[in-house]
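Undergrad: Mind looking over this structure? Questions follow.
Protein chains: 2
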Amino acid sequence: MSKTESFLLSSLTDENKFNTTQELIEWVESRNREISVKLEKIAFNKMSGWYFDNKTGNLKHKSGQFFSIEGIRVNTNWGETNTWSQPIINQPEIGFLGFITKEFNGILYFLIQAKIEPGNVNNVQLSPTLQATKSNYTQVHKGKKPAYLEYFQDRINNEVLLDQLQSEQGARFLKKRNRNIIIKVNSDLPVYEDFKWVTLKQIKDLIGMDNKVNMDTRTVISGIPFGNYKSEIINFYKTIEGDLHKNNVSSKMLASELDNETSLNSIDDIISWFTELKTRFELNIESIPLNSVDNWIKTDYDIRHEEGKFFKVIGVNVSISNREVVNWHQPLIEPAQKGLCAFIVKEIKGVYHFLVQAKLECGNFDTLEMAPTVQCLTGNYLNEGSLSNLPFLNYVLSSTKHQIIFDTLQSEEGGRFYREQNRNLIILAQDDFDQNVPDNYIWMTLNQIKSFIKFNNYLNIQARSLIAAISFK
Amino acid sequence: MSKTESFLLSSLTDENKFNTTQELIEWVESRNREISVKLEKIAFNKMSGWYFDNKTGNLKHKSGQFFSIEGIRVNTNWGETNTWSQPIINQPEIGFLGFITKEFNGILYFLIQAKIEPGNVNNVQLSPTLQATKSNYTQVHKGKKPAYLEYFQDRINNEVLLDQLQSEQGARFLKKRNRNIIIKVNSDLPVYEDFKWVTLKQIKDLIGMDNKVNMDTRTVISGIPFGNYKSEIINFYKTIEGDLHKNNVSSKMLASELDNETSLNSIDDIISWFTELKTRFELNIESIPLNSVDNWIKTDYDIRHEEGKFFKVIGVNVSISNREVVNWHQPLIEPAQKGLCAFIVKEIKGVYHFLVQAKLECGNFDTLEMAPTVQCLTGNYLNEGSLSNLPFLNYVLSSTKHQIIFDTLQSEEGGRFYREQNRNLIILAQDDFDQNVPDNYIWMTLNQIKSFIKFNNYLNIQARSLIAAISFK
Numbered sequence: 054m055s056k057t058e059s060f061l062l063s064s065l066t067d068e069n070k071f072n073t074t075q076e077l078i079e080w081v082e083s084r085n086r087e088i089s090v091k092l093e094k095i096a097f098n099k100m101s102g103w104y105f106d107n108k109t110g111n112l113k114h115k116s117g118q119f120f121s122i123e124g125i126r127v128n129t130n131w132g133e134t135n136t137w138s139q140p141i142i143n144q145p146e147i148g149f150l151g152f153i154t155k156e157f158n159g160i161l162y163f164l165i166q167a168k169i170e171p172g173n174v175n176n177v178q179l180s181p182t183l184q185a186t187k188s189n190y191t192q193v194h195k196g197k198k199p200a201y202l203e204y205f206q207d208r209i210n211n212e213v214l215l216d217q218l219q220s221e222q223g224a225r226f227l228k229k230r231n232r233n234i235i236i237k238v239n240s241d242l243p244v245y246e247d248f249k250w251v252t253l254k255q256i257k258d259l260i261g262m263d264n265k266v267n268m269d270t271r272t273v274i275s276g277i278p279f280g281n282y283k284s285e286i287i288n289f290y291k292t293i294e295g296d297l298h299k300n301n302v303s304s305k306m307l308a309s310e311l312d313n314e315t316s317l318n319s320i321d322d323i324i325s326w327f328t329e330l331k332t333r334f335e336l337n338i339e340s341i342p343l344n345s346v347d348n349w350i351k352t353d354y355d356i357r358h359e360e361g362k363f364f365k366v367i368g369v370n371v372s373i374s375n376r377e378v379v380n381w382h383q384p385l386i387e388p389a390q391k392g393l394c395a396f397i398v399k400e401i402k403g404v405y406h407f408l409v410q411a412k413l414e415c416g417n418f419d420t421l422e423m424a425p426t427v428q429c430l431t432g433n434y435l436n437e438g439s440l441s442n443l444p445f446l447n448y449v450l451s452s453t454k455h456q457i458i459f460d461t462l463q464s465e466e467g468g469r470f471y472r473e474q475n476r477n478l479i480i481l482a483q484d485d486f487d488q489n490v491p492d493n494y495i496w497m498t499l500n501q502i503k504s505f506i507k508f509n510n511y512l513n514i515q516a517r518s519l520i521a522a523i524s525f526k
Numbered sequence: 054m055s056k057t058e059s060f061l062l063s064s065l066t067d068e069n070k071f072n073t074t075q076e077l078i079e080w081v082e083s084r085n086r087e088i089s090v091k092l093e094k095i096a097f098n099k100m101s102g103w104y105f106d107n108k109t110g111n112l113k114h115k116s117g118q119f120f121s122i123e124g125i126r127v128n129t130n131w132g133e134t135n136t137w138s139q140p141i142i143n144q145p146e147i148g149f150l151g152f153i154t155k156e157f158n159g160i161l162y163f164l165i166q167a168k169i170e171p172g173n174v175n176n177v178q179l180s181p182t183l184q185a186t187k188s189n190y191t192q193v194h195k196g197k198k199p200a201y202l203e204y205f206q207d208r209i210n211n212e213v214l215l216d217q218l219q220s221e222q223g224a225r226f227l228k229k230r231n232r233n234i235i236i237k238v239n240s241d242l243p244v245y246e247d248f249k250w251v252t253l254k255q256i257k258d259l260i261g262m263d264n265k266v267n268m269d270t271r272t273v274i275s276g277i278p279f280g281n282y283k284s285e286i287i288n289f290y291k292t293i294e295g296d297l298h299k300n301n302v303s304s305k306m307l308a309s310e311l312d313n314e315t316s317l318n319s320i321d322d323i324i325s326w327f328t329e330l331k332t333r334f335e336l337n338i339e340s341i342p343l344n345s346v347d348n349w350i351k352t353d354y355d356i357r358h359e360e361g362k363f364f365k366v367i368g369v370n371v372s373i374s375n376r377e378v379v380n381w382h383q384p385l386i387e388p389a390q391k392g393l394c395a396f397i398v399k400e401i402k403g404v405y406h407f408l409v410q411a412k413l414e415c416g417n418f419d420t421l422e423m424a425p426t427v428q429c430l431t432g433n434y435l436n437e438g439s440l441s442n443l444p445f446l447n448y449v450l451s452s453t454k455h456q457i458i459f460d461t462l463q464s465e466e467g468g469r470f471y472r473e474q475n476r477n478l479i480i481l482a483q484d485d486f487d488q489n490v491p492d493n494y495i496w497m498t499l500n501q502i503k504s505f506i507k508f509n510n511y512l513n514i515q516a517r518s519l520i521a522a523i524s525f526k
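Protein sequences appear in the order of chains A and B.
For the first sequence, my numbering assigns the number 54 to the initial residue and increments by one for each residue that follows.
For the second sequence, my numbering assigns the number 54 to the initial residue and increments by one for each residue that follows.
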């Protein structure tokens, strides 16, 4: 284990010199009480700053900043629907999702932010120290400088502990990626209002509850490696009626990432499996004007699929009152149904293996990413009580209480998505669960997953979000 | 070291039960004598099967197969020229570059092919067992089935030793990738005319000579890992007036890939360096009609840059006579100048470190790839004896005989490029060579390079070609 890994893992401790987890929960709740967020759906032509381009019908901001809603035409030999067109969010610049950490008494603490995002179901969630677009952090437009930005720019005095490019939702974003970064600051630094020092352990405890930790936090911490441990106990956090229960999944091993003896497939086997699928499946994307997208209807208030599937593009008027009132308009994406993301985990050769799916989504940077065993909009698959054809969905939904080792609602990014929450599940497979799986699925150990996360565009955001929940002792 | 690695490395031996290296050289020479290749530059309108699309001016084949020459417009904040347009080869399907290997008396042998490619300076070079486009290997058009294809399709009886997606020239191809694969066949199999069993050692010896081993062979073998060795001797092969000399670079170590003690930068440091550069530099590519490309001139016989720079697109009439005559027409790319690819290597902390450059090329799949220390068309940089501004080029060109540990001419792919050969150099830095380098350069150990090769689109083809030359004892 490297020095960097040791630093990061020092934070998986029950010790704490700042706030208890209960105090953190109360802090978020009190921030929620102090702040009033009004969100009103408005007609597109009432949105100030945003307009539909005359020629293409693309929805854009007048400054050319932020993001735009455009059209794409998709051709693929994956799945049953091989060609379609759809609206998609285009935000080509790489943003920053960054944590500042600092060592106090040998333990690393993360500087977390209680942040309002307009689309959040509960307004305030816990976010990384810095969430900044490239325009923010390069300060090209001289806007308000994001808090703590200067620490991320000062590479002389601060140490980089993690620094990866990671993808976002491939069904919604066109090849979007963010820089996920954790730095360690050695000097003293101010703790502004809305920021607190927390341990990694506390972040993971809070991920065990519904909608407390935002997507950006989850993706950054999902990249923290566990090192080459053996015989470690994996902890999951299970929410039952709002209480946090640690579900200690006996003493199963966290296999060494390079130890082919304890994993069903080697890293090279997994690379070969993925290479074969990337060779077999093609994804061709063509940018088209938003007003040329087929089967989608534009009304005064939304752009939606004619069958009400997938999602709607809406316009909102946001008002946030704290001491002062801030007001703006922006488009948001409203999901048509609830979603479900689930990993099935099975003990193989004495080690937990995760059933990973290779999944093609139209906005993927490189055709396929590794996804949870099940990732779907449940409404699309569960029609009137009939069994689904989607592999493993029925198994997940019919699993017993004892098999469920993680079950929470987690929010997608509230800056782009309107009250979107997905059920996140980790299910322990019964002994008779078939080890042979369809050819776009493969069994991977947790440390193998962590190895692939290091290199960009392997694990998708839904998979990383689930992996972020896992702790060990 | 894994079992797979052991298999592959068993082939780095001086033993041989089939042919001596001298016999292999004579075999290629005799194939060259037996075969007559006529290559005639012809006017585009004389090319049968190929046409310029009326609307776009793109150069395409009537079948829709093979490849096309299209236009792209490039916008980037990299380098001094930030916007340009150019012709580019579009060949979106992923092809197969595959070696069959087989064990005889505990040593793994590679089934190599003496293959004619029309653009080769010397017609026949040594190629992988299988070079096939997706149309070839999926047999959608029922053409002649490539020899040995069935072994690559039979995953039950044959073992995969290496299976990676690797990029090709980013300045010439639009996001092209091939599947680089090595399989081990356990059954008996026929050895057809034009094929022979050779050791990995022999392939590496032959890379030490000018234009013997084709680009496709070099890329496949570059992915073979050396395992986690310490204290191994690195061998380079140096050509002086046609003779092969093994240049045993004393007993420098081949550092363990995970051993941060012996490398200047950790894998995580390198990922962070690359993440920062990918965040900072942008590459936006727009497909445009070939007839809208600025500053390029189309004549009856070629499409060329108005200043004669870069390359020309030409049409050729190919006739190959062996026992029967085969004839076809196709476009080729003719380079405007000779190229140079060089790694500078320096001993740091007792281990050889390679000076790797992050380089943006317009056809790159993901903005930047890791390139040799110097990669250039020499004519563009060396004007009338003046010193070049290109980092490290002067150092490479003025290095002494004792510093040159590898110096050969290697051909680019003869199926697309017209008599293109680049000088491949590995230079040992003097002790006073500055360890501090510009920020798009980083020092990496050989095993770190091998680790990144595993994951797609890290090392570019020029870097991999040089890495393929390195052996150890």
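Glycine residues also receive a C-beta, built at the ideal position from the N, C-alpha and C atoms.
Mapping DSSP to helix, strand and coil, what is B/Y448?
TA: Within the second sequence, residue 448 of chain B is the residue found at index 395, counting from 1. Helix at B/Y448.
Undergrad: Kindly say whether A/F508, judged by its beta-carbon, lies nearer than 8 angstroms to any beta-carbon of chain B.
TA: Looking up residue 508 of chain A in the first sequence gives position 455. Closer than 8 angstroms: yes.
Undergrad: For my contact list, A/L343 and A/G124 are in at a C-beta cut-off of 8 angstroms; report their separation, rounded to the angstrom.
TA: The residue given as residue 343 of chain A occupies position 290 in the first sequence. The residue given as residue 124 of chain A occupies position 71 in the first sequence. Their Cβ separation, rounded to whole angstroms, is 4 angstroms, which keeps A/L343 and A/G124 in contact under 8 angstroms.
Undergrad: Give the residues of chain A in contact with B/Q217, contact being defined as C-beta atoms less than 7 angstroms apart.
TA: The residue labelled residue 217 of chain B in the question sits at position 164 within the second sequence. The contacting residues are I324 and T328.
Undergrad: Within this structure, are the beta carbons of B/F459 and B/K291 separated by less than 8 angstroms?
TA: Position 406 of the second sequence, counted from the first residue, corresponds to residue 459 of chain B. Position 238 of the second sequence, counted from the first residue, corresponds to residue 291 of chain B. Yes, Cβ-Cβ distance for B/F459 and B/K291 is below 8 angstroms.
Undergrad: Tell me the rounded alpha-carbon separation between B/G468 and B/E170.
TA: Within the second sequence, the letter at position 415 stands for residue 468 of chain B. Within the second sequence, the letter at position 117 stands for residue 170 of chain B. Distance between the alpha carbons of B/G468 and B/E170: 5 angstroms.
Undergrad: Roughly how many angstroms separate the alpha carbons of A/P199 and A/K113, rounded to a whole number?
TA: By 1-based counting over the first sequence, the position of residue 199 of chain A is 146. By 1-based counting over the first sequence, the position of residue 113 of chain A is 60. Spanning the two alpha carbons is a distance of roughly 23 angstroms.
Undergrad: In angstroms with no decimal places, state the Cα-to-Cα distance between B/K187 and A/I457.
TA: The residue labelled residue 187 of chain B in the question sits at position 134 within the second sequence. The residue labelled residue 457 of chain A in the question sits at position 404 within the first sequence. Each residue's alpha carbon lies about 43 angstroms from the other.
Undergrad: Could you spell out where the alpha helix (DSSP H) holding A/L61 opens and where it closes?
TA: Against the first sequence, residue 61 of chain A aligns to sequence position 8. K56 to L62 is the extent of the alpha helix (DSSP H) around A/L61.
Undergrad: Look at the alpha carbon of A/E437 and the alpha carbon of A/T431, and state the distance between them as a whole number of angstroms.
TA: For the purposes of this step, residue 437 of chain A is taken as the residue at position 384 of the first sequence. For the purposes of this step, residue 431 of chain A is taken as the residue at position 378 of the first sequence. Reliability fails at A/E437, whose pLDDT of 49 lies under 50, so the model's placement of it is uncertain and the value that follows must be treated cautiously. Approximately 12 angstroms, taken between the alpha carbons.
Undergrad: At a CB-CB cut-off below 7 angstroms, which residues of chain B make contact with A/T332?
TA: For the purposes of this step, residue 332 of chain A is taken as residue 279 along the first sequence, with counting starting at 1. Those within 7 angstroms of A/T332 in chain B are I147 and R232.
Undergrad: Comparing C-alpha positions only, which one of B/A516, B/S524 and B/N510 sits nearest to B/N231?
TA: As a first step, residue 231 of chain B is located in the second sequence; it is residue number 178 there, counting from the start. The shortest C-alpha separation from B/N231 is found at B/N510.
Undergrad: First and last residue of the beta strand (DSSP E) that includes B/T125?
TA: Residue 125 of chain B sits at position 72 when you count from the first residue of the second sequence. For the sequence presented, residue 125 of chain B should be read as Ile rather than Thr. Residues S121 to T129.
Undergrad: Can you round the beta-carbon distance between B/T461 and B/M262 to whole angstroms, since I take them to be within the 8 angstroms contact cut?
TA: Translated into the one-based positions of the second sequence, residue 461 of chain B becomes position 408. Translated into the one-based positions of the second sequence, residue 262 of chain B becomes position 209. Confirmed, Cβ separation roughly 6 angstroms.
Undergrad: In the DSSP assignment, find the alpha helix (DSSP H) that holds A/N85 and state where it starts and stops.
TA: Counting from one through the first sequence, the residue named residue 85 of chain A turns up at place 32. It spans T74 to E87 - the alpha helix (DSSP H) in which A/N85 sits, taken as one unbroken run.
Undergrad: Are the CB atoms of A/I341 and A/S138 nearer to each other than 8 angstroms?
TA: Translated into positions along the first sequence, residue 341 of chain A becomes position 288. Translated into positions along the first sequence, residue 138 of chain A becomes position 85. Yes. Within cutoff.
Undergrad: In chain order, what residues of the same chain lie with their CB nearer than 6 angstroms to the CB of B/W131, ignoring the 5 residues before and after it?
TA: Within the second sequence, residue 131 of chain B is the residue found at index 78, counting from 1. If we look at B/W131 and ignore the five residues flanking it on each side, its Cβ neighbours are F334 and L413.
Undergrad: Which of the three DSSP states, helix, strand or coil, is assigned to A/F470?
TA: Sequence index remark: in the first sequence, residue 470 of chain A carries index 417 (1-based). Reduced to three states, the DSSP call for A/F470 is strand.
Undergrad: Which residue comes first and which comes last in the beta strand (DSSP E) that contains A/Y405?
TA: Reading the first sequence from its first residue, position 352 is the one you call residue 405 of chain A. From DSSP, the beta strand (DSSP E) with A/Y405 extends over V404 to L413.
Undergrad: Measuring CB atoms only, is the segment 238-258 of chain B touching the segment 349-366 of chain A, in the sense that at least three cross pairs come out at less than 8 angstroms?
TA: The segment 238-258 of chain B vs the segment 349-366 of chain A: no contact.
Undergrad: Under the three-state reduction of DSSP, which class applies to A/A185: helix, strand or coil?
TA: Residue 185 of chain A sits at position 132 when you count from the first residue of the first sequence. Reduced to three states, the DSSP call for A/A185 is strand.
Undergrad: At which residue ranges does the segment 337-383 of chain B contain complete beta strand (DSSP E) runs of 3 or more residues, listed in the order of the chain?
TA: With a minimum length of 3 residues, the continuous beta strand (DSSP E) runs that stay inside the segment 337-383 of chain B are 349-351, 355-358 and 364-374.
Undergrad: Excluding the 5 residues flanking B/N370 on each side, which residues of the same chain have their C-beta closer than 6 angstroms to its C-beta?
TA: Here residue 370 of chain B corresponds to residue number 317 of the second sequence, with the count starting at 1. Once the five neighbours on either side are set aside, the close Cβ partners of B/N370 are E93, I95 and H382.
Undergrad: What is the residue span of the beta strand (DSSP E) that A/K507 lies within?
TA: Mapped onto the first sequence, residue 507 of chain A falls at position 454. Not the beta strand (DSSP E): A/K507 falls in the alpha helix (DSSP H), residues L499 to K507.
Undergrad: For the beta strand (DSSP E) that A/Y162 lies in, which residues bound it at each end?
TA: What you label residue 162 of chain A is simply residue 109 of the first sequence in a count that begins at 1. A/Y162 -> beta strand (DSSP E) spans I160 to I169.
Undergrad: What does B/T57 touch in chain A if you count any residue whose Cβ is under 8 angstroms from its own?
TA: For the purposes of this step, residue 57 of chain B is taken as residue 4 along the second sequence, with counting starting at 1. Near B/T57 (Cβ distances below 8 angstroms), the residues of chain A are S319 and D321.
Undergrad: Would A/L393 and A/V366 qualify as a contact pair, given that the criterion is a beta-carbon distance under 8 angstroms?
TA: For the purposes of this step, residue 393 of chain A is taken as the residue at position 340 of the first sequence. For the purposes of this step, residue 366 of chain A is taken as the residue at position 313 of the first sequence. Cβ atoms of A/L393 and A/V366: not closer than 8 angstroms.
Undergrad: With a cut-off of 8 angstroms, does the C-beta of A/L273 fall near any C-beta of chain B?
TA: Reading the first sequence from its first residue, position 220 is the one you call residue 273 of chain A. Looking at the sequence provided, one finds Val at residue 273 of chain A rather than Leu. Not one chain B Cβ lies under 8 angstroms of A/V273.
Undergrad: Which residue or residues does DSSP assign as beta-bridge partners of A/F105?
TA: Here residue 105 of chain A corresponds to residue number 52 of the first sequence, with the count starting at 1. Note: A/F105 sits in a beta bridge opposite A/L112.
Undergrad: In three-state terms, what does DSSP make of B/E156?
TA: If you number the second sequence from 1, residue 156 of chain B lands on position 103. If DSSP states are grouped into helix, strand and coil, B/E156 belongs with the strands.
Undergrad: Suppose only complete runs of 3+ residues qualify. What are the beta strand (DSSP E) ranges in the segment 206-275 of chain B, listed by chain order?
TA: Whole beta strand (DSSP E) segments, 3+ residues: 211-220, 230-238 and 248-251.
Undergrad: Show which residues of chain B have a CB atom less than 9 angstroms away from the CB atom of A/V404.
TA: Start at 1 with the first residue of the first sequence, and residue 404 of chain A comes out as number 351. None at all; the shortest Cβ gap to chain B is about 17 angstroms.
Undergrad: Considering Cα atoms alone, identify which of A/A389, A/L421, A/K254 and A/P278 is closest to A/N337.
TA: Along the first sequence, one-based indexing puts residue 337 of chain A at 284. Of the listed residues, the one whose Cα sits closest to A/N337 is A/L421.
Undergrad: For B/I386, does the three-state DSSP call read helix, strand or coil?
TA: Locating residue 386 of chain B in the second sequence gives position 333, counting from the first residue. Strand, per DSSP.
Undergrad: Apart from the five residues on each side of it in sequence, which residues of its chain come closer than 6 angstroms, Cβ to Cβ, to B/V251?
TA: For the purposes of this step, residue 251 of chain B is taken as residue 198 along the second sequence, with counting starting at 1. If we look at B/V251 and ignore the five residues flanking it on each side, its Cβ neighbours are F163 and I165.
Undergrad: Indicate whether at least one CB of chain D lies closer than 8 angstroms to the CB of B/V346.
TA: No chain D is present in this structure, whose protein chains are A and B.
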